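Residue numbers (this note's numbering): 24 to 138. Even for Gly, the Cβ is constructed at its ideal location relative to N, Cα and C. Every value quoted in this text rests on a predicted model; they were computed, and no experiment measured them. Inspection log for the structure reproduced underneath, given as structure tokens.
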């Protein structure tokens with residue numbers, strides 16, 4: 024019961040945050056973070072964080088696959104009921120989204136890096 028209330032509260036907070044952040048008259052009052060002339064350190068840190076995030080997602084995908092395989096092959100008890108296709112989808116989706124966002128923002132990144 025408590026977990027359901029917590030999940031409902033988190034869902035409500037996220038929906039309200041999204042609604043408020045996209046309302047035109049409220050959006051102008053929200054704080055804006057800008058890095059004026061940040062230079063190469065911002066671009067370099069962005070690339071490093073992108074590589075680290077993708078590496079982490081690939082590592083999570085690999086450990087999920089190996090855990091499911093070993094559990095299904097060597098288990099003498101009730102097998103782990105995971106659908107491999109669903110697990111792959113939800114593991115690969117963040118990687119694809121990150122790569123798509125990086126590709127979409129590449130022109131902006133080059134503009135900020137002043138290359």
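Pair within 7 Å by beta-carbon distance, residue 110 and residue 89:
no
So residue 121 packs on residue 73, CB below 8 Å; how close in whole Å?
7 Å
Proximity to residue 133 [Cα-Cα], best of 107, 44, 69:
69
With 16 as the cutoff for other CB atoms within 10 Å, does residue 80 come out buried or exposed?
buried
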